[in-house]
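Heads up: the structure comes next, in structure tokens.
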Amino acid sequence: MPPTDSIAELKGAVEAAARALRDGEPTEPAPTLDRPPKPDLGDYSSNAAMLLAGPLGDNPRAVAERLRGELEGILGGEVGNLDRVEVAGPGFVNLYLSDAWYRRALAALVAAGDGLGPAPTDAPERILVEFVSANPTGPLHVGGGRGAAYGDAVVRLLAAVGHEVEREYYINDAGTQITKFAESISARMKGEPLPEDGYKGDYVVELGKEIAGEGIDPDDLAAVGDRGIALMIDQVRGTLERFGVVMDTWFSERSLVEKGDAEAALAKLDAGGHTYRHEGALWLRTTDFGDDKDRVLIRSDGEPTYLMPDIAYHWDKLDRGFGRLIDVLGADHHGYVARLRASIEALGADPDSFEALIMSLVHIVEDGQRAQMSKRSGDFVSLDDLIDDIGTDAARWFMLSRSHETTVDIDLALARKQASENPVYYVQYAHARIASILRKASAEGGGGDAEGRTVPLEDSEKALIKRLLEFPHEVREAAARRAPHRICAYSTAVAADFHAFYRDCQVVGADGDGVEASRLALCLVAKRTVAGALGLLGISAPERM
RNA sequence: GCGCCCGUAGCUCAGCCGGAUAGAGCGUCGGUCUACGAAACCGAAGGUCAUUGGUUCGAAUCCAAUCGGGCGCACCA
Numbered sequence: 008m009p010p011t012d013s014i015a016e017l018k019g020a021v022e023a024a025a026r027a028l029r030d031g032e033p034t035e036p037a038p039t040l041d042r043p044p045k046p047d048l049g050d051y052s053s054n055a056a057m058l059l060a061g062p063l064g065d066n067p068r069a070v071a072e073r074l075r076g077e078l079e080g081i082l083g084g085e086v087g088n089l090d091r092v093e094v095a096g097p098g099f100v101n102l103y104l105s106d107a108w109y110r111r112a113l114a115a116l117v118a119a120g121d122g123l124g125p126a127p128t129d130a131p132e133r134i135l136v137e138f139v140s141a142n143p144t145g146p147l148h149v150g151g152g153r154g155a156a157y158g159d160a161v162v163r164l165l166a167a168v169g170h171e172v173e174r175e176y177y178i179n180d181a182g183t184q185i186t187k188f189a190e191s192i193s194a195r196m197k198g199e200p201l202p203e204d205g206y207k208g209d210y211v212v213e214l215g216k217e218i219a220g221e222g223i224d225p226d227d228l229a230a231v232g233d234r235g236i237a238l239m240i241d242q243v244r245g246t247l248e249r250f251g252v253v254m255d256t257w258f259s260e261r262s263l264v265e266k267g268d269a270e271a272a273l274a275k276l277d278a279g280g281h282t283y284r285h286e287g288a289l290w291l292r293t294t295d296f297g298d299d300k301d302r303v304l305i306r307s308d309g310e311p312t313y314l315m316p317d318i319a320y321h322w323d324k325l326d327r328g329f330g331r332l333i334d335v336l337g338a339d340h341h342g343y344v345a346r347l348r349a350s351i352e353a354l355g356a357d358p359d360s361f362e363a364l365i366m367s368l369v370h371i372v373e374d375g376q377r378a379q380m381s382k383r384s385g386d387f388v389s390l391d392d393l394i395d396d397i398g399t400d401a402a403r404w405f406m407l408s409r410s411h412e413t414t415v416d417i418d419l420a421l422a423r424k425q426a427s428e429n430p431v432y433y434v435q436y437a438h439a440r441i442a443s444i445l446r447k448a449s450a451e452g453g454g455g456d457a458e459g460r461t462v463p464l465e466d467s468e469k470a471l472i473k474r475l476l477e478f479p480h481e482v483r484e485a486a487a488r489r490a491p492h493r494i495c496a497y498s499t500a501v502a503a504d505f506h507a508f509y510r511d512c513q514v515v516g517a518d519g520d521g522v523e524a525s526r527l528a529l530c531l532v533a534k535r536t537v538a539g540a541l542g543l544l545g546i547s548a549p550e551r552m
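The opening residue of the first sequence carries number 8 in the numbering used here; numbering runs sequentially from there.
The structure is reproduced here in structure tokens:
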């Protein structure tokens, strides 16, 4: 028997009560089941009466009174889930649940195990999330790190709700910037001045030394470039692994070109009648699909623009059977989305299968000044530096705790100084604290039984149980909205509720019939939930700190 | 000029497919360790939710306009 979703049961009861007032007709939109703003307004509340007032031609409070009668019948009496129902404010129906309901809810959480409970998603998809995809011409900087943390967390969220998801990094290993990169390395190897707009960072010097040490001729630009890219990709891969991100696929742009996929995509666009020649260039009529101007595919000098292989690349993704393509892109690429989407539609694919998530900027602030982050100037904060400084857990937390579409400043001095009172440590501390309690309990032979308890629950126990019940919903919301920052907020709330519970309630050795056992069960679920939430963020949940 | 994003507490930000007295962290001020971890807890102060108008029983949330900030508008990637 699958574990019960206690909240879904309550929601079902409210809907049933609403239907009863309308001869079985469902309410549109569905009534809410929320946590009221204040504890004395009940455990849960619904706006059903306000929604029904119009259709029933009665005032909300009168409707609420009728709902109250229905709900008392459904949840009260022998069912025993209800202490009482009250009508408050403009017509809210407030539910006050019994201890028996809480005991059963806790037991259901224990039974749910490490999973998210029933029905994580209604429509599983095969999803490819492409993220980071930084040019392999330099180390990963913090902006790429934010994209990495975000893309990875989105993958974890989507996987958690039942989608089949893969991580992919698109390597721009063809084109003019690669030539410039090779020229820069070569110049360093020969001790000559950098070319115009060359790559200036010290890492280019290091690359030059390493490549020279391998006996590669500095004048063999193709060999220098290939080796340089290979070394950079190795470095980026290593940085990402330190950061907890492991790609399923590293997809080479060059391989695409060599396979002839670009020509194939072009042929398909031609056949569809979406291209035309103008002033010596080949254009794609993206304006037919919502773009604000047409785009060049092949320049008048015969070279393809970067859009050409990118179209082929996205076509390839679809061809591999992914029903949804998610691109995590930097803020400076948002102007690119419309043409890519249009291109996908021009290929005959459903443009809604393509989703671009635009990352806002991240600034590293030191001594009140923003560090510059231009790869070519060589003056930027690398992700490796940041990890060295504040660690993967803190770095990921800071990057994930805010919406991806808002700019974020990370003040290094502050992050260092506050290390001991950082929000991520706050949550991790809660986990370590629970672990400590459970260790002690197990040493003393205590176990967790959620239901065999006759002593009433404390308010802070109820608050924690309610919080833990929200986890599956929070995960679904965070996944649906591509919003891992919600999980940060939720983790903090769980930790806060746990600390309040800890303050009020002795666990090990608690007095009362079944009290210790039920509190141990609560600790067990709380620990699992914190670990699960942190896991979705790619942040460790330490047993000890 | 056009497009996208953002204006919420001193600071950094949640809340945004409408709900009750708008939240968190940090910072400030004041309390709490002879019970399982004080990296914690409790309390206080702190707000014209940029502005104006509209929709609604109800707007931080939806719509319009305005103001302010960021980013983008290549035959560069």
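Using N, Cα and C, we set each Cβ at its ideal position, and we do this for glycine too.
Note that the coordinates shown come from a computational prediction; the quantities given were computed from them, not determined experimentally.
Item	Value
Touching by the beta-carbon criterion (3+ pairs, under 8 Å), the segment 387 to 403 and the segment 137 to 151	yes
Secondary structure of Asp299, DSSP reduced to three states	coil
Buried versus exposed call for Gly280 [16 or more other C-beta atoms within 10 Å across all chains shown]	exposed
Option in Gln242, Ala95, Asp180 with minimal Cα separation from Tyr210	Gln242
Rounded C-alpha distance that separates Val434 from Gly521	28 Å
Cβ pair count under 8 Å reaching 3, the segment 531 to 549 against the segment 488 to 508	yes
Given 8 Å, three or more beta-carbon pairs between the segment 13 to 24 and the segment 75 to 82	yes
Residue ranges of each beta strand (DSSP E) within the segment 218 to 275, 3 or longer	256 to 259
Ala507 versus Glu137: straight-line alpha-carbon distance, rounded	41 Å
Reference Glu175, options Leu354, Val515, Val162, Ala166, closest by Cα	Val162
Buried/exposed call for Arg110, threshold 16 Cβ in 10 Å	buried
DSSP state of Met315 mapped onto helix, strand, coil	helix
Backbone CA spacing between Thr312 and Gly182 [nearest angstrom]	9 Å
Inter-residue spacing [alpha-carbon to alpha-carbon] between Asn54 and Val100	7 Å
Ile444 versus Pro97: straight-line alpha-carbon distance, rounded	44 Å
Buried/exposed call for Leu407, threshold 16 Cβ in 10 Å	buried
Limits of the unbroken alpha helix (DSSP H) element including Val434	430 to 450
Assumed close pair Ile236, Asp159 - CB separation to whole angstroms, cut-off 8 Å	Actually they are not in contact, since the Cβ atoms of Ile236 and Asp159 sit about 23 Å apart, beyond 8 Å.
Length at least 4, wholly inside the segment 93 to 144: the alpha helix (DSSP H) runs in chain order	106 to 119
Cβ distance (whole Å) where Ile14 is taken to contact Leu527 below 8 Å	With a Cβ gap of about 23 Å, Ile14 and Leu527 do not count as contacting.
Cβ pair count under 8 Å reaching 3, the segment 220 to 233 against the segment 185 to 193	yes
C-alpha gap between Val139 and Arg249, whole angstroms	15 Å
Residue burial classification, Arg488 (beta-carbon count within 10 angstroms, cutoff 16)	exposed
Residues bridged to Arg284 [DSSP beta-bridge criterion]	Leu289
Which of helix, strand or coil DSSP assigns to Glu173	strand
Met406 - containing alpha helix (DSSP H), residue span	390 to 407
Contiguous alpha helix (DSSP H) assignments of at least 4 residues, all confined to the segment 308 to 355	314 to 326, 344 to 353
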